[in-house]
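Q:
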Amino acid sequence: MSKKIKKVNDAKSMIEYTSRDYGQEYIMKKKMIRAIVLSVILCIALAVFIGLYIDETKKFQEKCRSQFITCLEKVNGDIDSYTNADGDLDFRYRRLVADMNSVCSFAFLMKDFEEHQKSVNELYTVLLKYPEQMKGKMSELKTAVEDMKANLDKGFEEADAIVDSINKKGY
Numbered sequence: 051m052s053k054k055i056k057k058v059n060d061a062k063s064m065i066e067y068t069s070r071d072y073g074q075e076y077i078m079k080k081k082m083i084r085a086i087v088l089s090v091i092l093c094i095a096l097a098v099f100i101g102l103y104i105d106e107t108k109k110f111q112e113k114c115r116s117q118f119i120t121c122l123e124k125v126n127g128d129i130d131s132y133t134n135a136d137g138d139l140d141f142r143y144r145r146l147v148a149d150m151n152s153v154c155s156f157a158f159l160m161k162d163f164e165e166h167q168k169s170v171n172e173l174y175t176v177l178l179k180y181p182e183q184m185k186g187k188m189s190e191l192k193t194a195v196e197d198m199k200a201n202l203d204k205g206f207e208e209a210d211a212i213v214d215s216i217n218k219k220g221y
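Here the sequence shown is numbered in this note's numbering, starting from 51 and rising by one per residue.
1) Where does the unbroken alpha helix (DSSP H) through Met184 begin, and where does it stop?
2) Looking only at C-alpha atoms, which of Lys218, Ile83, Thr107, Lys80 sits nearest to Asp162?
3) If I'm right that Ile212 touches Leu173 with Cβ under 8 angstroms, what's the distance once you round it to whole angstroms?
4) Pick helix, strand or coil for Asp197, following the three-state DSSP scheme.
5) Going by CA-CA distance only, name the one from Phe99, Ser169, Lys187, Cys121 that's closest to Asp210.
6) Less than 7 angstroms between C-beta atoms, sequence neighbours within five positions excluded: which residues of the same chain meet that for Tyr132?
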């Protein structure tokens, strides 16, 4: 049978132990409260920054869309300038290609625009690589650009039709 050993502590050592223990507990509670308050403040700050990010993303998308439409208007004006001009057609065509490049750039920046972006990029590529064939398709290009500007799917389909009608083995 086992005997229980009784350990006797004097009162002074017991008071020192308990006061030291209560001091440590108080310090730990204070640190935990500080950590909880800090984490709540950080969560609120994170929520605010997420909200600001979403707001700025929407503003950026609206700005890209307005710039896309502005560039389409410039392309439309360049087509008019090209078809109504008597001289310096090469310069006017280069300006048309440059403005179409701007349209491609803003189409790339727009969110949820991937399917239409392909049509815009192909149209730009055809304008760049096959100028002789595109010179005869300016009226079709003008209607496609006007429909794109009106945000109609028909404009992108017309752009695809223009791209498909080009002989890509020739000039």
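Note that CB positions come from ideal geometry on N, CA and C, so glycine has one too.
A: Quick answer:
1) It spans 181-184 - the alpha helix (DSSP H) in which Met184 sits, taken as one unbroken run.
2) Thr107
3) 7 angstroms
4) Helix, per DSSP.
5) Ser169
6) Leu139, Arg142, Tyr143, Leu146, Met188
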